[in-house]
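Reading the sequence shown from the start, the letters are residues 51 to 335 in this note's numbering. Quick reminder that beta carbons are idealized off the backbone N, C-alpha and C, glycines included. On a predicted model such as this, the values are computed, not experimentally measured, just so you know.
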Amino acid sequence: MKIGFIGLGNMGGPMAANLVKAGHEVVGFDVTSPHIDGVAAAASAAEAAQGADVVITMLPNGEILRNVVAEILPSMSPQTLFCDCSTVDVATTKNVADLCAAASIAAIDAPVSGGIGGAVNGTLTFMVGGSVDAVAAIAPLLNILGQKTVHCGPCGTGQAAKVCNNMILGVTMIATCEAFALADKIGLDREKLFDVVSTSSGSSWSMNTYTPVPGVGAKSPADDDYKPGFAAELMLKDLRLSQDAAQSVDADTPMGQLAQNLYAQFVENEGGAGQDFSAILLTYT
51 MKIGFIGLGN MGGPMAANLV KAGHEVVGFD VTSPHIDGVA AAASAAEAAQ
101 GADVVITMLP NGEILRNVVA EILPSMSPQT LFCDCSTVDV ATTKNVADLC
151 AAASIAAIDA PVSGGIGGAV NGTLTFMVGG SVDAVAAIAP LLNILGQKTV
201 HCGPCGTGQA AKVCNNMILG VTMIATCEAF ALADKIGLDR EKLFDVVSTS
251 SGSSWSMNTY TPVPGVGAKS PADDDYKPGF AAELMLKDLR LSQDAAQSVD
301 ADTPMGQLAQ NLYAQFVENE GGAGQDFSAI LLTYT
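Shown next as structure tokens:
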């Protein structure tokens, strides 16, 4: 299968490489022109999409996605399947799906969870929005790139699931960091706190799998000086998307709003940019 892959950064690059390893022909484009072994470099997004059976995008934000889609649609045939793995706002996703539909192209939104490690190891989780037929068509590729795919409903529901998931993640990471900070101040050993919480009602992915303190639990960015697996600025981006979505439907999400405010303070005023999102622990210690 010939695949056009647009956006070859920390996530898209390893994903494209895994498709090559699985035997697919991949033509890639990124504005930074990275070299990915086995991926043929295109001079433009439109060139990457030309003649592709599937076009996959992994882009930083909705504005860039809209611009790329406007560029590539004339290069795509009605038989091409379009799959966006970016994390963007639901309104943009629906708009892109409408543009594709007008060109008789099936569109899927398939944002991911699992971070850079998941992209490298092919263990991502995909939250997918689109028609049953389109999701069935993209499934063989998603099975290469990830370990789980959930069809959430029509176009836009994949993005809706992603912003809800990451709102929970932001809130639980902050709560986990606050618990460790409290434990430190009242004299409770960090390892003992982990042993209790990881097997009790307070357990969460933030505690059990991505422990924000070094030397406790499974290996995590905290053990590597908070080198980002999922950058703090990306968490802030996703929390802002969640609050934009909440505002658009008049949903009350005070914890999500507070998490957004705390990550904004961390990223913009406390040196958090460029660190893993779990490094917000440092603001409490």
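Who are the Cβ neighbours of residue i in its own chain at under 7 Å, not counting the five residues just before and after it?
| i | result |
| --- | --- |
| Leu115 | Thr107, Leu109, Asp134, Ser136, Val138, Thr142, Val146 |
| Val263 | Phe230, Arg240, Ala272, Leu331 |
| Ala329 | Tyr276, Ala282, Gly322 |
| Ile224 | Ala309, Leu312, Ile330 |
| Val170 | Pro64 |
Just to confirm the assignment, what range does the beta strand (DSSP E) spanning residue i have?
| i | result |
| --- | --- |
| Val170 | Taken as a continuous stretch (DSSP letters only), Val170 belongs to no beta strand (DSSP E), being part of the alpha helix (DSSP H) at 165 to 171. |
| Met177 | 174 to 179 |
| Phe79 | 75 to 79 |
Residue i to residue j, Cα distance in whole Å?
| i | j | result |
| --- | --- | --- |
| Ile218 | Gly237 | 28 Å |
| Gly63 | Lys235 | 42 Å |
| Asp302 | Cys214 | 13 Å |
| Lys71 | Pro304 | 44 Å |
| Ala95 | Thr335 | 45 Å |
| Asp183 | Ile86 | 31 Å |
Can you pull the DSSP bridge partners for residue i?
| i | result |
| --- | --- |
| Thr259 | None; Thr259 has no bridge partner. |
| Val104 | Ile53, Leu131 |
| Lys242 | Lys242 is not bridged to any residue. |
| Asp326 | Ala281 |
| Val162 | Phe176 |
Taking residue i as the reference, which of the options has the closest Cα?
| i | options | result |
| --- | --- | --- |
| Val185 | Ser94, Tyr313, Gly265, Phe132 | Phe132 |
| Phe327 | Leu291, Asn319, Pro278 | Pro278 |
| Pro161 | Ala95, Ala153, Ile155, Val140 | Val140 |
| Gly88 | Gly168, Ala157, Glu75 | Glu75 |
| Glu228 | Thr249, Met257, Cys205 | Met257 |
| Pro204 | Asp159, Ser248, Pro128 | Asp159 |
| Gly267 | Ser154, Phe244, Gln307 | Phe244 |
| Val81 | Ser250, Gln293, Met51, Val118 | Val118 |
So the alpha helix (DSSP H) residue i belongs to, where does it begin and stop?
| i | result |
| --- | --- |
| Cys133 | That residue, Cys133, is in no alpha helix (DSSP H); its beta strand (DSSP E) goes 131 to 134. |
| Thr137 | Unbroken run through Thr137: none, as it is neither H nor E. |
| Cys214 | 207 to 236 |
| Val70 | 62 to 71 |
| Lys198 | Taken as a continuous stretch (DSSP letters only), Lys198 belongs to no alpha helix (DSSP H), being part of the beta strand (DSSP E) at 196 to 203. |
| Ile158 | Premise fails: Ile158 lies in the beta strand (DSSP E), 156 to 159, not in any alpha helix (DSSP H). |
Ignore the nearest five residues each way along the sequence and tell me which others in residue i's own chain have a CB closer than 8 Å to its CB.
| i | result |
| --- | --- |
| Ala98 | Gly54, Phe55, Ile56, Val77, Gly78, Phe79, Ala92, Val105, Ile122 |
| Gly196 | Val162, Gly164, Gly168, Gly172, Thr173, Leu174, Thr175, Phe176 |
Identify, in the order they occur along the chain, each residue of the same chain with its Cβ nearer than 6 Å to the Cβ of residue i, setting aside the five sequence neighbours on each side.
| i | result |
| --- | --- |
| Met177 | Pro161, Val200, Cys202, Gly208, Ala211, Lys212 |
| Thr222 | Ser254, Ser256 |
| Phe280 | Gly165, Phe327 |
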